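One structure is given below, encoded as structure tokens.
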Amino acid sequence: MDKPEQNTHNVVSMTQHVTHSGYSPLAQVEAYWEALRGSRLMPSRAEIDPRGIEQALEYSFIVERIAPGIARLRIAGSHLSDLMGMEVRGMPLTSFITPGSRRQVSDTLEEVFETPATCTLQLHSDESAGMPPLEARMLLMPLKSDLGDVSRLLGVLIAVGEIGRSPRRFDVTGSSLRPVVAGAGAAPEEMPGEPPVRSRKPEPRPATVLAPPGFADERPGFRSETPRKEAPYLRLVKSDD
């Protein structure tokens, strides 16, 4: 496998400032998003470089809005697959939510897309056979697509504790919606008991971004594409016979 280019303007490493424990990856990814957007409302999907959040990749995901209140996972870290006990790319984000809380999450998705805003959800999964009680948090942050519309979200989902038998689904026990305003980036929300996170702006240097395995954007499942082949051609062979 080819190694990624070393020069990149989207790698904003937070790993030297963040202790990888508890909910700290939430703050790491939020700081990365804030550093990328600068004074804009939000960054674009194309700006996201997984190496900038390498210590939080297993908890991170990107969703695409496909209908009002419905967003499907385009990219998902391994922690999300562990919670569901299966590959989750292509599934609705509400697959992690109990039926009683899905309407609330759908409404929240619309608020994040339309306001735009960022949102942190507090989640809880009840105890059951082979399933210890589980607390989790989900962070949602808007992104622009390549077409310029707000139809992508960068997110983080972290469940702290033993997962037990899967799949695990969560009730929403609280939420915090924060409208995004163009101008100076807001400081990321700090989690109680976690060290502060500092960020620096990306350096304006172009780069070729190669995503590591497990966090690469897959082709949409409903569309089949075949590799482009060279056009056929004829070659004149001269013979003296």
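If you're matching positions, the sequence shown starts at 1 in the UniProt record's numbering and goes up one per residue. Glycine residues also receive a C-beta, built at the ideal position from the N, C-alpha and C atoms. As the structure is a computational prediction, the values presented were derived from the model and not from experiment.
Which residue or residues does DSSP assign as beta-bridge partners of residue i?
{"i": "Gln104", "result": "None, per the DSSP bridge assignment."}
{"i": "Leu123", "result": "Ala136 and Val172"}
{"i": "Gly155", "result": "Phe61 and Leu140"}
{"i": "Met91", "result": "In the DSSP output, where bridge partners are listed per residue, Met91 has none listed."}
{"i": "Ser166", "result": "Ser166 is not bridged to any residue."}
{"i": "Arg178", "result": "Thr118"}
{"i": "Ala67", "result": "Ile70"}
{"i": "Met131", "result": "Ser128"}
{"i": "Ile97", "result": "Phe170"}
{"i": "Val160", "result": "Glu135"}
{"i": "Val150", "result": "Lys144"}
{"i": "Ser44", "result": "Lys144"}
Between which two residues does the alpha helix (DSSP H) holding residue i run?
{"i": "Ala76", "result": "First-last for Ala76: Ile70 to Ala76, but that is the beta strand (DSSP E), not the alpha helix (DSSP H)."}
{"i": "Gln28", "result": "Ser24 to Arg37"}
I'd like to know whether the C-beta atoms of residue i and residue j end up nearer to each other than 8 Å.
{"i": "Glu111", "j": "His124", "result": "no"}
{"i": "Pro43", "j": "Ile158", "result": "no"}
{"i": "Thr115", "j": "Pro179", "result": "yes"}
{"i": "Ala56", "j": "Val29", "result": "yes"}
{"i": "Ile62", "j": "Arg152", "result": "yes"}
{"i": "Met131", "j": "Gly100", "result": "no"}
{"i": "Cys119", "j": "Ser176", "result": "yes"}
So residue i and residue j are supposed to be a Cβ contact under 8 Å. How far apart are they, rounded?
{"i": "Arg45", "j": "Asp146", "result": "7 Å"}
{"i": "Gly161", "j": "Leu140", "result": "Rounded, the Cβ-Cβ distance is 22 Å, inconsistent with contact."}
{"i": "Arg65", "j": "Phe113", "result": "6 Å"}
{"i": "Tyr32", "j": "Ile53", "result": "5 Å"}
Taking 8 Å as the CB-CB cut-off, is residue i touching chain B?
{"i": "Leu153", "result": "This model lacks chain B altogether, as it is built from one protein chain only."}
So, does the stretch 72-85 touch the stretch 101-111, judging by three or more C-beta pairs under 8 Å? Counting Cβ pairs under 8 Å, fewer than three are found: no touch.
Using 8 Å as the Cβ pair cut-off and three pairs as the minimum, do the stretch 165-184 and the stretch 38-46 touch? With a cut-off of 8 Å, the stretch 38-46 and the stretch 165-184 count as touching, because enough Cβ pairs lie within range.
Between the stretch 72-79 and the stretch 167-180, do at least 3 Cβ pairs fall closer than 8 Å? Counting Cβ pairs under 8 Å, fewer than three are found: no touch.
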